[in-house]
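Below is one structure; the comments refer to it alone.
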Amino acid sequence: MKPLISLKQVGLKLGHVQALSHVTLSIHEGEQVALIGANGSGKSTLLRVLNGLHRVTEGAMHLAPCRQAMLFQRPHMLRTSSLNNVAIGLWLDRSLGLSWQQAKLRALDALSLVGLAGVKSQNAATLSGGQQQRLALARAWAKGPELLFLDEPTASLDPPAKREIEALVHQLIEPQATKPATTLVFASHNLGQVKRWASRVIYIEQGRVMADLPTTDFFNAECLKQHSYQAFLFLQGETS
Ligand SMILES: Nc1ncnc2c1ncn2[C@@H]1O[C@H](COP(=O)(O)OP(=O)(O)OP(=O)(O)O)[C@@H](O)[C@H]1O
Ligand SMILES: [Mg+2]
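Take 677 as the starting number for the sequence shown in the numbering used here and just add one per residue.
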C-alpha cells in the first residue's frame, strides 16, 4: 500500500535550532501513530512537518493529496461565537467549496457532536479550557479529515474532561459503514492514552527518531532495550 506521507532523511532547522535530523518514516492509511518524547524533543515540529506546515531544509518528503486537519497544542480561539469559530475555518477552506450558510450548518453539526451546541452563540474566548479543547476538536473534525493530527489533545484537562475528549476522539476515528478508520497521528505525554489509541509508537529525542515500533513491542521492555536503550530509560522514568 502506498503511504499517505513519507519522509526520507528529513532535517529541519528553525532559527539556530536543529529541530529535526535524519527523520525517515512513512504513515499509512488507517494507522494510529503516537509521537512521544521529552519536552522540546520535536513532537510538535514533526506534526507540523507531516501536516505540510514547514518546508523541510534537508531530505525529501512526499504528501499524498488527502483532507487533513490538525488540533494544535495551543488552539487559537477567534474572539467570536463558537459557531463562527468552526464555520469560518470551513468557509475559508476553498477545497470544501461551502457557502457561508452551508458552513454554518456543518459547524452546528460538529458542535452538536462534541456537546457544544448549547454554547454556539457564546464567545469562544470565554469558554473553559475543556470546552475550548472540544471546540478545537469540532473545528478539526468538521473538515471531514482522512488524516487527523492531534498535538497533546488532553494536556491540562482534568480527568473527566480527559475521558470525555478520549471517548470523542475514539468515536470520531473508528471505522463506520460510510468511511474507513481515520488515520491519526498524535503527540502525547500520557502513556495510558498512547496504549489506548496507538497501533504504533514513535519515540523522538532531540529531533531524531530513536524507536518506531508497534505499540505492544514498544511497551515490552526487552524489545525496547534492543531497539533504543534511551527510549527504554525514558519509559522507565515516565512510569516510575
Ligand atoms: N519557531 C521556532 N523557532 C526556533 N526554534 C523552535 C521553533 N519552534 C520550535 N523550536 C525548537 O525546536 C525544538 C522542538 O520543539 P517542539 O515544540 O517540536 O518540541 P515538543 O516535543 O513538541 O515539546 P513539548 O513536549 O514541550 O510540546 C525545541 O528546541 C524548540 O525550542
Ligand atoms: Mg509540543
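Each residue gets a CB set at the ideal place from its N, CA and C atoms; glycine is no exception. Just so we're clear, the structure is a prediction, and the values are computed from it rather than from any experiment.
Sequence-distant Cβ neighbours of Phe748 in its own chain, meaning closer than 6 angstroms and more than five residues away, are Asp827. Remark: the C-beta of Leu747 is outside contact range of ligand 1, defined as less than 7 angstroms to any heavy atom. The beta-carbon distance between Ala874 and Val709, rounded to whole angstroms, is 6 angstroms. This is short enough to meet the 8 angstroms contact definition.
Closest option to Lys780, judged by alpha-carbon separation, among Leu683, Arg750, Ala814, Lys855: Ala814. For Glu898, the enclosing alpha helix (DSSP H) stretches over residues 897-903.
A residue is called buried once 16 or more other Cβ atoms fall within 10 Å of its Cβ, and Glu822 is buried on that count. According to the DSSP assignment, Arg782 belongs to the alpha helix (DSSP H) that extends over 776-789. In chain order, Ile764, Asn799, Ala800 place their CB closer than 8 angstroms to the CB of Thr756, counting only its own chain and leaving out the 5 sequence neighbours on each side. The residues Ser771, Lys819, Gly820, Pro821, Glu822, Leu823, in chain order, have a CB closer than 8 angstroms to that of Arg743 in the same chain once the five nearest residues on each side in sequence are set aside. In this structure Asp888 is buried. Its beta-carbon is surrounded by 16 or more other beta-carbon atoms within 10 angstroms. In the DSSP assignment, Phe862 is bridged to Ala710, Leu826. In its chain, beyond the 5 residues on either side, Ala887, Leu889, Asp893, Phe894, Ala907, Phe908, Leu911 have a beta carbon closer than 8 angstroms to the beta carbon of Leu900. Within the same chain, Ser702, His738 come within 6 angstroms of Ser682 by CB-CB distance, once the 5 residues on both sides are set aside. The Cβ neighbour count for Ala736, taken over all protein chains shown within 10 Å, is under 16; the residue is labelled exposed. A Cβ-Cβ distance of about 6 angstroms is found for the pair Thr859 and Leu680, placing them in contact under the 8 angstroms criterion.
Secondary structure note for Gly765: its alpha helix (DSSP H) is the uninterrupted segment 758-768. Under the three-state reduction of DSSP, His846 is assigned to helix.
Nearest in C-alpha terms to Thr830, of all of Gln847, Trp817, Ile849, Gln808, is Gln808. When distances are taken from the beta-carbon of Ser832 to the heavy atoms of ligand 2, even the shortest one reaches 7 angstroms or more. Shown here for Arg724: same chain residues with a beta carbon closer than 7 angstroms to its own, the five before and five after excluded, namely His730 in chain order. Per the C-alpha coordinates, the member of Gln882, Val870, Gly806, Gln852 positioned closest to Pro836 is Gly806.
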